[in-house]
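Participant: Structure below; questions to follow.
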Amino acid sequence: GLTQELGYPEGVWQHYKGTHYEMIGPITSTDHHSLGVMYKEKDNPESKTYCITLTNFYTMKELNGELVNRYTKIS
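With the working numbering, the residue at position 73 of the sequence shown is 115, and numbering never jumps.
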(Lines of atoms letter the chains of each structure in order from A and count residues from 1; the text may use other names and numbers.)
(Lines give C-alpha, C1' and ligand atoms only; values in the text may rest on other atoms or scores of the structure.)
Protein backbone atom coordinates (compact mmCIF):
# COMPACT_ATOMS: atom_id res chain seq x y z
CA GLY A 1 0.00 0.00 0.00
CA LEU A 2 0.82 3.67 0.07
CA THR A 3 2.43 3.51 3.52
CA GLN A 4 4.83 0.78 2.43
CA GLU A 5 5.76 2.71 -0.72
CA LEU A 6 6.11 6.23 0.67
CA GLY A 7 5.97 5.83 4.46
CA TYR A 8 4.58 8.21 7.02
CA PRO A 9 5.86 11.74 6.50
CA GLU A 10 8.16 12.97 9.27
CA GLY A 11 9.91 16.27 9.89
CA VAL A 12 9.01 19.56 8.23
CA TRP A 13 7.20 19.80 4.90
CA GLN A 14 6.26 22.77 2.76
CA HIS A 15 2.69 22.98 1.47
CA TYR A 16 2.46 23.85 -2.22
CA LYS A 17 1.10 27.30 -1.25
CA GLY A 18 4.21 27.98 0.85
CA THR A 19 3.38 27.29 4.51
CA HIS A 20 5.76 25.03 6.45
CA TYR A 21 4.21 22.28 8.57
CA GLU A 22 5.70 20.01 11.22
CA MET A 23 4.49 16.42 11.14
CA ILE A 24 3.36 15.20 14.57
CA GLY A 25 2.68 11.54 13.93
CA PRO A 26 0.64 8.87 12.19
CA ILE A 27 -3.13 8.48 12.62
CA THR A 28 -5.84 6.05 11.59
CA SER A 29 -9.29 7.48 10.90
CA THR A 30 -11.94 5.90 13.11
CA ASP A 31 -14.58 6.63 10.45
CA HIS A 32 -12.96 5.01 7.43
CA HIS A 33 -9.82 3.36 8.87
CA SER A 34 -7.76 5.48 6.45
CA LEU A 35 -4.11 6.01 7.30
CA GLY A 36 -2.93 9.58 7.71
CA VAL A 37 -0.75 12.03 9.59
CA MET A 38 -1.30 14.79 12.15
CA TYR A 39 0.51 18.08 11.55
CA LYS A 40 0.63 21.73 12.61
CA GLU A 41 2.07 24.95 11.26
CA LYS A 42 5.75 25.25 12.15
CA ASP A 43 6.82 28.04 14.53
CA ASN A 44 3.22 29.10 15.20
CA PRO A 45 2.27 28.35 18.83
CA GLU A 46 -1.36 29.21 18.04
CA SER A 47 -1.58 26.75 15.14
CA LYS A 48 -4.41 24.26 15.14
CA THR A 49 -3.57 20.59 14.76
CA TYR A 50 -4.72 19.10 11.48
CA CYS A 51 -4.85 15.62 9.99
CA ILE A 52 -4.81 14.46 6.39
CA THR A 53 -5.01 11.03 4.82
CA LEU A 54 -1.82 9.73 3.22
CA THR A 55 -3.68 9.47 -0.08
CA ASN A 56 -4.38 13.22 -0.02
CA PHE A 57 -0.98 14.12 1.45
CA TYR A 58 0.88 12.54 -1.47
CA THR A 59 -1.38 13.91 -4.26
CA MET A 60 -0.41 16.45 -6.88
CA LYS A 61 -2.03 19.89 -7.09
CA GLU A 62 -2.18 22.46 -9.86
CA LEU A 63 -0.19 25.66 -9.28
CA ASN A 64 0.13 28.27 -12.01
CA GLY A 65 -0.81 25.71 -14.66
CA GLU A 66 1.72 23.09 -13.48
CA LEU A 67 1.25 19.93 -11.41
CA VAL A 68 3.26 20.04 -8.18
CA ASN A 69 3.42 17.89 -5.05
CA ARG A 70 0.93 18.96 -2.40
CA TYR A 71 3.77 18.75 0.17
CA THR A 72 7.55 18.80 -0.31
CA LYS A 73 9.95 17.63 2.40
CA ILE A 74 12.10 20.42 3.86
CA SER A 75 13.87 18.64 6.74
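By construction, the Cβ of each residue, glycine as well, lies at the ideal position given by its N, Cα and C atoms. No experiment lies behind these values; they were computed from the predicted model shown.
At which residue ranges does the stretch 86-115 contain complete alpha helix (DSSP H) runs of 4 or more residues, listed in the order of the chain?
Facilitator: Runs of the alpha helix (DSSP H) inside the stretch 86-115: 96-99.
Participant: Along the beta strand (DSSP E) that carries Tyr58, what are the first and last residues, could you check?
Facilitator: Here Tyr58 belongs to no beta strand (DSSP E), and DSSP marks it neither H nor E.
Participant: Would you mind giving the Cβ-Cβ distance between Gly107 and Ile94, rounded to the nearest angstrom? I have them listed as a contact below 8 Å.
Facilitator: Not quite, the Cβ-Cβ distance comes to about 24 Å (not below 8 Å), so this is no contact.
Participant: Do you know offhand how far His74's Cα is from Leu48's?
Facilitator: Going from the Cα of His74 to the Cα of Leu48 covers about 20 Å.
Participant: If Pro68 sits next to Tyr113, beta carbons under 8 Å apart, how far is it from one beta carbon to the other, in whole angstroms?
Facilitator: Not confirmed; about 15 Å, so no contact.
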